[in-house]
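Trainee: Shown below is the structure under consideration.
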Amino acid sequence: MAGLADRQLADDSPGARHSPLAFAELHCLSNFSFLRGASHPEELVRRASELGYRALAITDECSVAGVVRAWQEACVVGLKLLVGAEFRFADERLVILAQTRQGYARLCALITLGRRRAPKGQYWLDWQDLDQLDDCLLLYRPGDDPNEAERRAGWLLERYAGRCWWLYERLLGPADEERRRWQLALADRLRMPMVCGNAVLMHHPDRQRLQDVVTAIRHGVSVHRAGFLLEGNAERHLRSLRKLEQLYGVEMIAETVAIAERCGFDLGELRYEYPAELVPPRMSAAEWLAQRVREGEQVRFPEGASDDLRRQIDHELRLIGRMGYEHFFLTIEDIVRFARSRGILCQGRGSAANSVVCYCLGITEVDPRQATLLFERFISEERGEPPDIDVDFEHERREEVIQYIYQRYGRERAGLAATVISYRTRSALRDVGKALGLDPLYLNWLSSQLDRRAGQRSWLEELRALGGENPSPRFVLLVELIEEILGFPRHLSQHVGGFVISSGPLSELVPVENAAMSERSLIQWNKDDLEALGLLKVDVLALGMLSAIRRTLDMLGERRGKPFPMQDIPVDDSEVYDMLSNGDSVGVFQVESRAQMNMLPRLRPRCYYDLVVEVAIVRPGPIQGDMVHPYLRRRDGLEEVSYPDEAMRKVLERTLGIPIFQEQVIQLAMVAGGFSPGEADQLRRAMAAWRRSGTIAEYQDKLRAGMRARGYDGEFAERICQQIEGFGQYGFPESHAASFALLVYVSAWLKCHHPAAFCCGLLNSQPMGFYSPSQLVQDAQRHGVEVRPVDINASDWDSSLEGDRIMRLGFRLIKGLPRDAAERLMAARPETGFGSIDEARRCVELNSREWEALAASGALNGLGGHRYQARWELLDSDPRLALGEARAAEAQVVELPAPDEQQDVVEDFRHVGVSLGRHPMAMLRERYAASGPLKGCLPAATLTNHEHGKLVRVAGLVTTRQRPGTSSGVTFVTLEDETGPVNVVVWRDTAQAQRQALLNAGILQVTGTLEKEGQVVHVIAGRLTDISELWQQLRLKSRDFH
Amino acid sequence: MKGLWLYLHFPLLALESHSDVLEQPAALLDEHAVRIVQVNALAQACGVVPGMAMASALSLEPRLRLLQACAEQHRSQLEGLGLWSGRFSARVSLQPPDGVLLEIASMLRYFQGLDGLRRRLRQQLEKLDLTCVTATGHTPRAARLLALDGGFWAEDESRHEQRLARVPLARLELDERQQSRLKGLGLSRLGQLQALPSRELAHRLGAALSEQLACISGQQADPPEYFVPPERFCRAITLSHEVERAAALIFPLRRLLEELEGFLHARCRRAVTLELSLEHTQEQQQLTIGHATGEQRAEAWLELCHLRLERLQLSRPVVGLRLEVHELRELEPGREDLFSPRLPADAPAQLLSRLTSRLGEQALGRLVPCEDHRPECSWRRLPATGRWPKEMVASSGRRPGWLLMSPEPLVADWVGSSIALLEGPERIAGGWWDQHPVRRDYYVARWPDGRCGWVFRDAGGGWFVHGWFG
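Here the protein sequences line up with chains A and B, keeping their order.
For what it's worth, UniProt numbering labels the leading residue of the first sequence as 1, then goes sequentially.
For what it's worth, UniProt numbering labels the leading residue of the second sequence as 1, then goes sequentially.
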């Protein structure tokens, strides 16, 4: 008979740190066992350390996705971390722990095996798969059936004698006592050593609520209905040592430590080697890299590199050698070389843009002589972290590059990095709300009431406010639990293009699993994990503008009879800068958005470096730091360019004393705020992670204090802090801007001198960019380009040139016409073209949908007269069938009336997306200007002739509605009439009062005040009128950017 | 198949069958609860239109009342309208989802001409409070088409034909492909289509379309399928919100009585007693309303019901109504009641219903286990009659046969001394979500006299006994 003292349990507070007892938790799941674990890996590690554990194993279910985070935290708190995984077989569990690097490789291989067999997110394993587990320890936890347990334990003992344990877990559930009795007896009889564990799902019992919620989400029920799916209590947490001793006794606890001691593997041991095959035999990687650089040097600097450049190259090569990064550079060089051999345009960006070596290797295009100020910052020896090289490829041909990588290194040696998809505001509201049993209608309503552009913090405040003064208890729970679940991982997805390539099988480094896209596989770590472990990845990204540029250059090359490489574009062409300074930038890379268009005439770029600034200045960082206006004032000579001291001059000289780039802010933190290089680097990381963690305040405080202590103006410090937050939202370093600015210049040059070819290049690379084909074509027309319609006898698949300033729209614009159909049509087309629809149908076999697409686009108008007649003819039986002949004789000729202008325009937009007829607003104006609703509406192009502050009325099709995150509550609406776009600004109050018109109108009339600053013209909306009914049929889809 | 037909189109039937949508902006959602499919006039005034996403509709009008379609209720509503129509014609055809077709050529004399019928119809429709568009036609399809196109009344065939020529082709209810083909040819009105050579048309657009045109014009017969009213009148409606005052039941009841009138009219009967049941969430309340000589008119019944309901205090909110007619005028009075000695007395079901009626429904119940870790929530009471739940899972732990209604406190000093803890603890913690959270350690304990009890210690350290083992 047991007394009270034996039966009553100790509480869960740490307290017992001094206890002589040593314990290691060997069975612990983090929230990377998606929707099972209810604590972050970091939280588990911290708590284990607080409780005085000797070691902690993170054993997520068939996964090591969370171990890197745990390991980083363990390094900080000084706790031993074991790496392992849990596997579920019906109601039995097996925990496998890696003893050594070798054992870790075996574990990863097993996880890979199970994951690769199953669809994304699942795994399929059988006991028979457990045959190669050298250097691993196995912990077996039986299910409810003693017979099954006996059989299984015997089987394990036979194979893994000395390396397997009976895992006993006392979770104070129902029938605990009975389970304890038979398990003790059975383990004893089989002579299987026993060890205890706690199947941990949370770091602290307070997480029970969230644990219940994620369980309910996993099963798709509410907690009220989840019943026995939920845990009966909160015992699956990290327990105090006193309580553990009471529950298990000293022997089993001692065994945990013995096991932990046998596991010596540390994630920090992971090193991997880049594929060696890129280096020719009998040559070192360093020699080969140096040779490649010399070759490139002769191409890049045919007149010979200056001494300065030479010194820089040698310096970089020495640094690369010291860090052992030769293979990394050679690997990227190899990929870039492949792309070039296939005529795929590519360009590196990121900090690589600062490197002459990268320029010589052809990885980047920024001539270091054009931007001498930049290349001070590349690989930093102190930081000891891998260089960041992102390479952009043409978006439509990136797949070729990816396939090359798979083919060159094999699927087992190359994999994509993962992206952890985490709970964000909306998904959290939906899932937690459902788990709390709230009505989906109500949740949708809540969701619709929240401003999606607000940050997560203010979002929570808004949500809280929706609960009213005295929120119901359930609403309080909702908000609390959402706050807790934010940032919880939900599943792994593939990174946009981060490749990891290794010399040995990748699955011995990290488990590989299937991506949603077939033929893709991804590793279980994301880019932060890789960075933390010092593993290198190659970013293979897609960029639409590169496709457009390549296509434009190909077209120009064809016209002039010899290739037109990008290098042939002359630098510093003043016409290009004139054009940009006029805000004439539709289609130009990066600077085509409305905000950029407004900035261009104010900044008036005159050289390459101005473009670098232009690209970077219209971003949250400089805007929130209020750096834009000071910079413009100094540029215009309205304010003196001055520097507080020499140190600041060095940092800020290139931007007239105003910090614009993220790099400058970090340097300022060191120069003016007294940050050490290490701290500055932490600041950089904190900015990058700000969206996720929101912890940047401590750096801001430190910066303020540091700057005050060094005598800087408090207001200036405050602005720098604001700027830091802005960069946190959207980091934009100078090195990115430098690479992008090159493409800005190239695309602007093409637009300026070859508007027809450039427009074709853009149309042929859709979807991309900011503007619809219709807007691009109208812009080309305004620049004197003659645009000809799609025609069955004249068009190619792509839009093409028919003269320097004449372009023909291509079949690709036709909705519903597949490429192979168009190809067959072109192949069968006689030199002189088809004479009739009947003839065309006899020559080419297309299905009825494809013919309909052609008729709808107006491509048959040349043969049939108009769309209606063409369709009528197409509905006749197939002329190639015998029946057709017989019918021809008796057929009665029907002539349908032709569509009117408006009907043609509607079909143009619907089926081609582009109309060459009159603009709808021109038609409306003709009909309604004299007396109707359009009376007094000014055409867009005439607005500049009116005075600032004048009351004006405009009308147009709504092409965009945008609510940028940087502007508080303002909606920007762009209207389009036959003369061009009108920019309308709608303040929050106006927007709320006239929501209906603002949200629903396809054609909008705006009465408001004209605002003019230089060449920038806005209409500040006063009254909005929805006049869509004037054109009921025209349903131009406005592109809504919320 | 020419003649004269009347088509009643109820475009908002699915929405308006919810009784409380008249005074506030309301909209009906599709089955995924994502998009709006129907709106009432008030919602329309706020800019809410069908096809709009729910979120945008709410951003236009945050007070918008959202309802979800219920196919079952909708169908039964249409049947009700079929019964109601019995007063205008013996030949009624239901046209799902929201139309009723009536043959009226033979009824014109009874109503003294078309105008008489139209007047009468308007009066009767007003009482229904449903949006309705009406149209006549010389063929069933013509009537339907004209109703869908906004309504039209005429007796003359040629006037119907003139009007039909102007009907937009979108009203033809063709599949989307056919519809877009016609549009693609620049054809928009029925007249344009009828003007084309029919052979070329059939050749290009298929025989089905030509046939449809022939049915509309009457060149081809198109007999409708007539509605056969049920033998017994029994209609139920679900209210879309809980009604707490008896007087507020009059509105939904009126529609049922109007339907009854149509039903009785078609069969030339009078009702003597009505069984009206008020459905509550758990049980129902039966009212019997009689009329000495029998009555057909809804007005009269409504008044009787009004009197009856006025006296009634609702103890619980009403969520549905059900109206049955047991006694028509021809039936003999005096049926057997429940306690008649001739009933078999030994059947358990009979015993149950007897006990229920003697002791009241509240007094009887069944216990079933339900899935919850908390002992006091691990069972629930079901009404004595009715189906058993599908699955019944009980906890796998050791549970006492006798669970106390509520735990009784123990003197803490006794635990561990005179009361010995035998087994445990089993820790139960949960229920944070419904305001009855528990956090307890349960033990099996033995009393000095040998009894075994189920005791627990709560988070505050207090000891309780919660049950006894047998």
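From the three backbone atoms N, C-alpha and C, an ideal C-beta is built for every residue, glycine too.
The structure presented is a predicted model; accordingly, all values stated were derived computationally and were not measured.
Contact between the segment 64 to 76 of chain A and the segment 535 to 550 of chain A is defined here as three or more beta-carbon pairs at a separation below 8 Å; is this criterion met?
Mentor: At 8 Å Cβ cutoff, the stretches do not touch.
Trainee: Excluding sequence positions up to five away, which residues of its chain have a Cβ less than 6 Å from the Cβ of Pro448 of chain B?
Mentor: So the qualifying residues of the chain are Ser418.
Trainee: Compute the distance between the beta-carbons of Thr59 of chain A and Cys28 of chain A, then report whether it is under 8 Å.
Mentor: Yes, these two residues count as a Cβ contact at 8 Å.
Trainee: If you draw a straight line from the C-alpha of Arg119 of chain B to the C-alpha of Asp149 of chain B, how long is it?
Mentor: Distance between the alpha carbons of Arg119 of chain B and Asp149 of chain B is about 21 Å.
Trainee: Along the segment 213 to 245 of chain A, what residues have a CB closer than 7 Å to any CB found in chain B?
Mentor: Cβ contacts with chain B: Val223, His224, Gly227, Phe228, Leu230, Gly232, Asn233, Ala234 and Glu235.
Trainee: Put Pro344 of chain B into one of helix, strand or coil per three-state DSSP.
Mentor: Note on Pro344 of chain B: pLDDT 46, under 50, position unreliable in the model; no value is reported.
Trainee: Give the DSSP-derived three-state secondary structure of Met392 of chain B in the structure shown.
Mentor: Coil at Met392 of chain B, not helix or strand.
Trainee: Please go through the segment 43 to 123 of chain A and give each complete alpha helix (DSSP H) segment of 4 or more residues, from N-terminal end onward.
Mentor: List check, alpha helix (DSSP H) in window: 67 to 77 and 101 to 117.
Trainee: Quick one: is Ile806 of chain A buried, meaning 16 or more other Cβ sit within 10 Å of its Cβ, or exposed?
Mentor: Ile806 of chain A should be labelled exposed.
Trainee: Reducing DSSP to helix, strand and coil, say where Glu225 of chain B ends up.
Mentor: Looking at Glu225 of chain B - three-state DSSP - the assignment turns out to be coil, as it is neither helix nor strand.
Trainee: Checking contacts by CB at 8 Å: is Pro197 of chain B closer than that to chain A?
Mentor: Yes, its Cβ sits closer than 8 Å to a Cβ of chain A.
Trainee: According to DSSP, is Leu535 of chain A part of a helix, a strand, or is it coil?
Mentor: In this structure, Leu535 of chain A counts as coil in the three-state DSSP scheme.
Trainee: In chain A, what lies closer than 8 Å to Ile428 of chain B by C-beta?
Mentor: Correct list: Gly232 and Asn233.
Trainee: Could you tell me the boundaries of the beta strand (DSSP E) in which Ile36 of chain B lies?
Mentor: It spans Ile36 to Val39 - the beta strand (DSSP E) in which Ile36 of chain B sits, taken as one unbroken run.
Trainee: Would you tell me roughly how many angstroms separate the C-alpha atoms of Tyr160 of chain A and Gly103 of chain A, rounded to the nearest one?
Mentor: Those two C-alpha atoms are separated by around 14 Å.
Trainee: Between which residues of its own chain and Arg824 of chain A is the CB-CB distance below 8 Å, once the five residues before and five after are set aside?
Mentor: Val844, Glu845 and Leu846, listed in sequence order.
Trainee: Residue range of the beta strand (DSSP E) that Glu242 of chain B falls in?
Mentor: First-last of the beta strand (DSSP E) with Glu242 of chain B: Cys234 to Val243.
Trainee: Just grab the DSSP bridge partners of Ala271 of chain B for me.
Mentor: DSSP lists B:Glu295 and B:Leu328 as partners of Ala271 of chain B.
Trainee: Tell me whether Cys358 of chain A is buried or exposed, calling it buried when 16 or more other Cβ atoms sit within 10 Å of its Cβ.
Mentor: Buried, by the Cβ-count rule.
Trainee: At what residues does the beta strand (DSSP E) containing Val213 of chain A begin and finish?
Mentor: No beta strand (DSSP E) contains Val213 of chain A, which is instead part of the alpha helix (DSSP H) from Gln208 to His219.
Trainee: For a contact meaning CB atoms closer than 8 Å, what does Ala199 of chain A contact in chain B?
Mentor: Ordered by position in chain B, no residue passes the 8 Å Cβ test against Ala199 of chain A, which lies about 14 Å from the chain.
Trainee: List the residues of chain A whose Cβ lies closer than 8 Å to the Cβ of Arg204 of chain B, in chain order.
Mentor: Near Arg204 of chain B (Cβ distances below 8 Å), the residues of chain A are Trp872, Leu875 and Asp876.
Trainee: Nearest CA to the CA of His9 of chain B: which residue from B:Gln38, B:Ala143 and B:Pro25?
Mentor: Ranking B:Gln38, B:Ala143 and B:Pro25 by Cα distance to His9 of chain B puts B:Ala143 first.
Trainee: Is Ser351 of chain A buried or exposed, if buried means 16 or more other CB atoms sit within 10 Å of its CB?
Mentor: So Ser351 of chain A ends up on the buried side.
Trainee: Taking the beta strand (DSSP E) that Val1019 of chain A falls in, what are its first and last residues?
Mentor: Note, Val1019 of chain A: beta strand (DSSP E), Val1016 to Asp1026.
Trainee: In chain order, what residues of the same chain have a beta carbon less than 6 Å from the beta carbon of Val299 of chain A, not counting five sequence neighbours either side?
Mentor: Excluding positions up to five away in sequence, the list is empty.
Trainee: Using the beta-carbon count (16 or more within 10 Å), is Gln268 of chain B buried or exposed?
Mentor: According to the sequence displayed, residue 268 of chain B carries Cys and not Gln. It counts as exposed.
Trainee: Which complete beta strand (DSSP E) runs does the segment 796 to 871 of chain A hold, if anything under 3 residues is left out?
Mentor: Segments of the beta strand (DSSP E) lying fully in the segment 796 to 871 of chain A: 800 to 803 and 806 to 808.
Trainee: Tell me, to the nearest whole angstrom, how far the beta carbon of Phe328 of chain A is from that of Val401 of chain A; I am working on the premise that it is less than 8 Å.
Mentor: Actually they do not touch by this definition, with Cβ atoms about 17 Å apart.
Trainee: For a quick check, are the C-beta atoms of Leu172 of chain B and Ala246 of chain B less than 8 Å apart?
Mentor: No, these two residues do not count as a Cβ contact at 8 Å.
Trainee: In the DSSP assignment, find the beta strand (DSSP E) that holds Arg440 of chain B and state where it starts and stops.
Mentor: Val438 to Arg446 is the extent of the beta strand (DSSP E) around Arg440 of chain B.
Trainee: Using alpha carbons as the reference points, say which of A:His919, A:Arg925, A:Leu874 and A:Ala870 lies closest to Pro899 of chain A.
Mentor: Closest by alpha carbon: A:Ala870.
Trainee: For Ala417 of chain A versus Asn582 of chain A, is the C-beta spacing smaller than 8 Å?
Mentor: In this structure, Asn582 of chain A does not lie closer than 8 Å to Ala417 of chain A by Cβ.
Trainee: Pull up the distance between the alpha-carbon of Ser1038 of chain A and that of Gly1002 of chain A, whole angstroms please.
Mentor: Bear in mind that the predicted position of Ser1038 of chain A carries a pLDDT of just 40, short of 50, making it unreliable; the figure below should be weighed with that in mind. Looking at the two C-alpha atoms, the distance is approximately 7 Å.
Trainee: Going by other Cβ atoms of all chains shown within 10 Å of its Cβ, with 16 needed for buried, is Met923 of chain A buried or exposed?
Mentor: Met923 of chain A should be labelled buried.
Trainee: Could you name the residues of chain B that Trp445 of chain A contacts, counting a contact when the two beta carbons are closer than 9 Å?
Mentor: In chain order: Met54, Ala55, Leu58, Pro62 and Leu66.
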